[in-house]
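Following: one structure in structure tokens, then a few remarks.
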Amino acid sequence: MMPLAVSVGVFLIGSVELVHAQDQDEVDEATELLKEGLPLTPERTLSGTFTEGSWISLDVSPDGQTIVFDFLGDLYTMPISGGEADPLTQGMAFDGQPRFSPDGETIVFVSDRSGGDGVWTISLDKADTTRITRGETSAFQSPEWTPDGDYIVATRQSPGQGKLWMYHRNGGGGIQLIEEPANARTTGAAFGSDERHIWYSRRTGTWQYNSPGRDYQLWVYDRETGENSVRSGRYGGAFRPTLSPDGRWLVYGSRHVAETGLRIRDLETGDERWLAFPVQRDEQESRAARDAYPGMSFTPDSREVVAFWGGRMWRVPVQGGEPVEIPFRVDVELPMGPEVDFDYPIEDTPTFVAKQVRDLAPSPDGSRLAFTIMGDIYVKEMPDGEPEKVEDVDAMAAQPSWSPDGERIVFATYADAEGGQLYAVDLDGDNLEPITVDAAFYTQPVFSPDGSRVVALRGPRAAYEEALSQRVPRGSVDLVWIPSDGGVASLITPIAGLGEPHFVSGSDRIYATQNGTGLISMRWDGTDKRSHVQVRGENPGGGEGPAASVIKMAPEGDQAIALVGNQLYVVTVPYGVGADAPTISVANPSTASFPAKQLTDIGAQFPTWGASGREVNWALGNAHFVYDLDAAQAFQDSVGERRVEDEEEDEEPEDGYRPAEYRITVEFDRDSPEGEVVLVGARIITMNGDEVFESGDIVIRNNRIASVGASGSVSIPDAATRMDMSGRTIIPGFVDTHAHLRGSFNIHRAQPWSYAANLAYGVTTARDPQTGSSDVLSYEDFVRAGRMVGPRIYSTGQGVFSGEGISSLEEARNVLRRYSDYFDTKTIKMYGAGNREVRQWIIQAARELELMPTTEGSLDLRLNLTMAQDGYSGTEHNLPGVPLFKDVVELVAQSNMATTPTIVVTYGGPWAENLFYTTTDVLRDEKLATFTPWEEIYQKAARRAGSAGWFDQSQYIHQEISDFLDNVVEAGGRAGVGSHGQLQGLGYHWELWLTGASDHMTNHEALQIATIIGADALGLDQDLGSLEPGKLADLVVLDGNPIDDLSNTNTVRWVMKNGRLYEGDTLKQVWPREQEPQGFYWQGAGTIPTRTTGNE
0 MMPLAVSVGV FLIGSVELVH AQDQDEVDEA TELLKEGLPL TPERTLSGTF TEGSWISLDV
60 SPDGQTIVFD FLGDLYTMPI SGGEADPLTQ GMAFDGQPRF SPDGETIVFV SDRSGGDGVW
120 TISLDKADTT RITRGETSAF QSPEWTPDGD YIVATRQSPG QGKLWMYHRN GGGGIQLIEE
180 PANARTTGAA FGSDERHIWY SRRTGTWQYN SPGRDYQLWV YDRETGENSV RSGRYGGAFR
240 PTLSPDGRWL VYGSRHVAET GLRIRDLETG DERWLAFPVQ RDEQESRAAR DAYPGMSFTP
300 DSREVVAFWG GRMWRVPVQG GEPVEIPFRV DVELPMGPEV DFDYPIEDTP TFVAKQVRDL
360 APSPDGSRLA FTIMGDIYVK EMPDGEPEKV EDVDAMAAQP SWSPDGERIV FATYADAEGG
420 QLYAVDLDGD NLEPITVDAA FYTQPVFSPD GSRVVALRGP RAAYEEALSQ RVPRGSVDLV
480 WIPSDGGVAS LITPIAGLGE PHFVSGSDRI YATQNGTGLI SMRWDGTDKR SHVQVRGENP
540 GGGEGPAASV IKMAPEGDQA IALVGNQLYV VTVPYGVGAD APTISVANPS TASFPAKQLT
600 DIGAQFPTWG ASGREVNWAL GNAHFVYDLD AAQAFQDSVG ERRVEDEEED EEPEDGYRPA
660 EYRITVEFDR DSPEGEVVLV GARIITMNGD EVFESGDIVI RNNRIASVGA SGSVSIPDAA
720 TRMDMSGRTI IPGFVDTHAH LRGSFNIHRA QPWSYAANLA YGVTTARDPQ TGSSDVLSYE
780 DFVRAGRMVG PRIYSTGQGV FSGEGISSLE EARNVLRRYS DYFDTKTIKM YGAGNREVRQ
840 WIIQAARELE LMPTTEGSLD LRLNLTMAQD GYSGTEHNLP GVPLFKDVVE LVAQSNMATT
900 PTIVVTYGGP WAENLFYTTT DVLRDEKLAT FTPWEEIYQK AARRAGSAGW FDQSQYIHQE
960 ISDFLDNVVE AGGRAGVGSH GQLQGLGYHW ELWLTGASDH MTNHEALQIA TIIGADALGL
1020 DQDLGSLEPG KLADLVVLDG NPIDDLSNTN TVRWVMKNGR LYEGDTLKQV WPREQEPQGF
1080 YWQGAGTIPT RTTGNE
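Residue numbers (this note's numbering): 0 to 1095.
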């Protein structure tokens, strides 16, 4: 990894230090004193003194002598005149939004100290801390006392929109005050002298990307009648109402053009004016997890407002005059979780083992297994025979299915030039022939029980060829049958959302999974459709759980397997329960309406029954699992018998039944060129510190850099090929730490255009955080084998979402083993997986399994700060709530949480990609058109419809985001450049230019973030990110100098990845051999219409 200033002990930056616990006694003490009810043991402490802060909510005591405020998740008090702050709470918990009780003796605040969000109170003497709300799955914000001090009103969200609830200070479940409209969010409850009326702000929905700018307005709730009335209609919105104790004044936040200010209204006359402008930028354009503006307060005499902006606290005279700063000093001792940081060396072995086995198909007699690996069909003897390839077609092959006699296999293919077909082949590879006549897009073929027909899904070829979505085809899809010995397809029925066709014994009906309906069946003519069962899982947030994505009836028709989320279940399918199919919830299988059982705890993909109906097969990565239902039942029965004996002997019962697991090992040659080439006479920006050779040479041997240095200082082998690079600039290949390359699912493309586009623009390494499916594992192998052109592919696989239902550390370990033991992703993306307790279990499991977890930022600054404190390795998307000051800068930097801001899809402001669509000629970019379907370009650039429209340059906040990023890196933190897949290839350069927008960041520093720092963030900097001997030969040759002008990054003349050199404009390979690039469909004739005569 990149070296830190100090490797152990105390890490000093200015007045801030990161202290690592030195021995077990310190760890134990930290555990007792600091972690409250949270599971994570802190191992580091952020220590420092701060005189400025970010997003500080405050309140003034009823006697006007004291301010209480939040700072980095702890509460502090200090005199209203300012000075040194005293901690009221400290620890791992994130406490915030404090408010004094009317008697001044108690503080109400929001905290996650129990594991989930809740409203708490604490006495000023710290003697009494009380939890007010119940449960661990709701989110709370902006608590406020009623004037009599008996009740607390706060916003509670779970599920749906946040609503005002009222709780008694002595307990109870509380009551929701405002229910309708359901899509309205109500927050920021405020009282004046009148306890009958609650002022609050309201908006529709939680947030809106590219907001039109009038999200929040003020409302009043009448506690006696229950009526609500609107009290504002400002274009800039109106939020965070704050009323004076005497009932005369209302202060609230609003925006003017691009800046936020505080407005004051005389409630006696209705007159309004600006009280302070500009102030802290509001959070109307994010989730506003701590409200749309920090909490503020009037002084008891109603003459001043105490508020936060610009990193500081201010007293603002109500009658006019300049604000007076309230200076403060906070001595922070913030406990932090352990650092989770690993190195992942890139292998150079001649061969590699394929990562993924797909499309499992056991033979009818159970003796063999057919499956897909890297676009080919293989068969192996069960249980652990040697895989053998059984077809040789010049196309992607997938989804094998056996004939009833076990002698032939049918499968789907697709080739860019010819389209798709269904093929059949004998088990020994003979008699390979298409059984379809017309080219189309075929998927999921399966033989009928008598073997005379094959049922499959068919879509038009163009729907796949021209699809911009990963889930194709989007056009018309039919269920068809084809004679098994070949012929014209016959229509069964048009379908939408139907898949997994299959059969059961003794029935001629066709069964399938139907989205929204569950397991259905039909006749061969598509009539008499019947629903048999729907299966749903758990919804951690409450309400109806997710439906199973796959349901397959057992061969005997009495049970079904159901894939819900990532876990597999077997359920009993009842017969004779009426016309409406039953819904079986497997949220708790032991209490399901019919017998149900969870078969997996790590996960499952490609589930299918064995022919006997007593075995269930599935895959994960390159592992094949077999679950024997009878053996599992026998084991369970024996455990029940032994449990009685164990209890008598005081022994622990054995672990549960585990399915058989077999690794399927198929090796492929790793792509690695041979030969030596020297790039001579270029300016070389090595990214090894500030090193730049104005005229330098690079020697590449095979796929690694042999030497680099000033021209004349490097030994050049006699046999090496020389390439003159005079006048050009060479930099390391770009690292996209947040790419979404979006390769199509299920039936894979031979050459995804997105992969080619990114490489052509100089991106040589791409990490996709949240791929939506595991298909990326196969695409990674295709690139590694040289069968596809593209960047080095890394990914988190599918995100770890709340649907995993993690409820313990052990469950977190099981879920993450999917990625460490089977997908080998090196990383995961924790994507809103649960409350603070769940997130801490995940970080613990990740550390144990040597995974570097990144996270979804979720437009939630509070969430971002807790993830930094807990030790997450990365966060995706920018932190909202800008500008952010030294407190957040130091927390993020010292946590070592790499920030990839994806500014093109800004959180908390308009998407910055719109800036480029309105200032550059995207439609006529020739290189972009070479690697991008014209539909993709025109749908994004010809019309920017809806909220993704045009914004004046004053509305963007990329400058503030870049400033924060620069400060984090300067403080020793990590960052990355992530294009978010918004415009493949070119979009990376947009993001890089936005990253370097800060006036304080040099172009060289921006380039370091795009290369060596980004590689470090992924644990790959030992092999990538800089031009140094021994590192992999990934580099970009530019016509212009990006240090002079950062936009010169988009002057790619050549790009080298893994020692192969390509032309930037075409991807023609020029070293070590010349090879023409693969074309794409839109480059040929007929894709763009020609004008008909008479309509010129």
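For each residue, glycine too, the CB sits at the ideal point set by N, CA and C. Small disclaimer: the values here were computed from a predicted structure and weren't measured.
Following the continuous alpha helix (DSSP H) through Asp-1015, name the residue where it begins and the one where it ends.
1013-1016 is the extent of the alpha helix (DSSP H) around Asp-1015.
In three-state terms, what does DSSP make of Phe-410?
It is a strand residue.
Using the C-alpha atoms, what's the distance from Leu-176 back to Thr-186?
Whole-angstrom Cα-Cα distance: 12 Å.
Consult DSSP for Trp-273 and reduce its assignment to one of helix, strand or coil.
The answer is strand: DSSP assigns Trp-273 an E or B state.
Any idea what DSSP makes of Ala-749, helix, strand or coil?
Note: Ala-749 maps to coil in three-state DSSP.
Would you grab the beta carbon distance between Gln-420 and Thr-435 for me? Rounded to a whole angstrom, and I think it's under 8 Å.
Their Cβ separation, rounded to whole angstroms, is 5 Å, which keeps Gln-420 and Thr-435 in contact under 8 Å.
Does DSSP put Thr-30 in a helix, in a strand, or in coil?
Confidence at Thr-30 is low in this model, with a pLDDT of 43, below 50, so its placement is unreliable and no value can be given for it.
Helix, strand or coil, according to DSSP, for Met-866 in the structure here?
Helix.
Who are the Cβ neighbours of Gln-1096 in its own chain at under 6 Å, not counting the five residues just before and after it?
Any property of residue 1096 remains undetermined from this structure, which presents the chain solely from 0 to 1095.
Grab me the residues of Trp-523's own chain with a C-beta within less than 8 Å of its C-beta, minus the 5 sequence neighbours each way, in chain order.
Closer than 8 Å at Cβ, skipping near neighbours: Trp-480, Ile-491, Asp-507, Ile-509.
Please go through the same chain and pick out, in chain order, the residues whose beta-carbon is closer than 8 Å to the beta-carbon of Ser-451, but skip the five residues on each side of it.
Answer for Ser-451: Pro-482, Ser-483, listed in chain order.
If contact is defined by three or more beta carbon pairs under 8 Å, each pair taking one atom from either stretch, is the segment 71-80 in contact with the segment 271-288?
Contact between the segment 271-288 and the segment 71-80 is absent, because fewer than three Cβ pairs lie under 8 Å.
Count the other CB atoms within 10 Å of the CB of Trp-198; is the residue buried (16 or more) or exposed (fewer)?
Buried, because 16 or more other Cβ atoms sit within 10 Å of the Cβ of Trp-198.
Starting from the Cα of Leu-249, find the closest Cα among Glu-303, Gly-418, Ser-366 and give me that residue.
Residue Glu-303 is the option with its Cα nearest to Leu-249.
Which of the three DSSP states is assigned to Lys-825 in this structure?
Reduced to three states, the DSSP call for Lys-825 is coil.
Is the beta carbon of Ala-397 less than 8 Å from the beta carbon of Ile-663?
It is not a contact, given that the beta carbons lie outside the stated cut-off.
In this structure, does DSSP put Gln-893 in helix, strand or coil?
Here Gln-893 sits in helix by DSSP.
Near Val-352, which residues of its chain fall below 6 Å by C-beta distance, leaving aside the five closest residues on each side in sequence?
Excluding positions up to five away in sequence, the list reads Thr-664, Glu-666.
Reducing DSSP to helix, strand and coil, say where Ala-911 ends up.
Coil.
State the Cα-Cα distance for the pair Ala-394 and Ala-749, rounded to the nearest angstrom.
Distance between the alpha carbons of Ala-394 and Ala-749 is about 8 Å.
Could you give the first and the last residue of the continuous alpha helix (DSSP H) run that contains Phe-93?
Taken as a continuous stretch (DSSP letters only), Phe-93 belongs to no alpha helix (DSSP H), as it is neither H nor E.
Can you look up Asp-696 in the DSSP assignment and give me helix, strand or coil?
Strand, per DSSP.
In three-state terms, what does DSSP make of Ser-122?
Ser-122: strand per DSSP, three-state reduction.
Could you give the distance in angstroms between the alpha-carbon of Gly-804 and the alpha-carbon of Phe-915?
Rounded to whole angstroms, Gly-804 to Phe-915 spans 41 Å at the Cα level.
List the endpoints of the continuous alpha helix (DSSP H) containing Ile-960.
Element bounds for Ile-960: 957-969.
Check the DSSP bridge columns for Lys-926 and list the partner residues they point to.
Its beta-bridge partners do not exist; DSSP assigns none.
So, with DSSP's three-state summary, where would you put Ala-633?
It is helical.
Is Pro-1067 helix, strand or coil by DSSP?
Per the sequence shown, residue 1067 should be read as Lys rather than Pro. If DSSP states are grouped into helix, strand and coil, Lys-1067 belongs with coil.
Look at the alpha carbon of Lys-939 and the alpha carbon of Gly-986, and state the distance between them as a whole number of angstroms.
Those two C-alpha atoms are separated by around 12 Å.
Cα-Cα, which of Ala-630, Glu-332, His-957 is closest to Gln-89?
Nearest C-alpha to Gln-89: Glu-332.
Mind reading off the beta-carbon distance from Ile-730 to Thr-1010? Whole number of angstroms is fine, and I expect it under 8 Å.
Contact flag correct, Cβ pair sits at about 7 Å.
Since Gly-171 is in the beta strand (DSSP E), which residue starts that stretch and which ends it?
Note, Gly-171: beta strand (DSSP E), 170-175.
On the three-state DSSP scale, how would you describe Trp-313?
If DSSP states are grouped into helix, strand and coil, Trp-313 belongs with the strands.
Taking the straight line between their C-alpha atoms, what separation do you get for Glu-453 and Gly-384?
At residue 453 the sequence reads Val, which differs from the Glu that was named. Distance between the alpha carbons of Val-453 and Gly-384: 28 Å.
So which of Gly-236, Phe-297, Thr-607, Tyr-574 has the shortest CA-CA distance to Val-549?
Selected option, being the one with the closest Cα: Thr-607.
Is DSSP giving Ala-705 helix, strand or coil here?
Of the three classes helix, strand and coil, the one that applies to Ala-705 here is strand, per DSSP.
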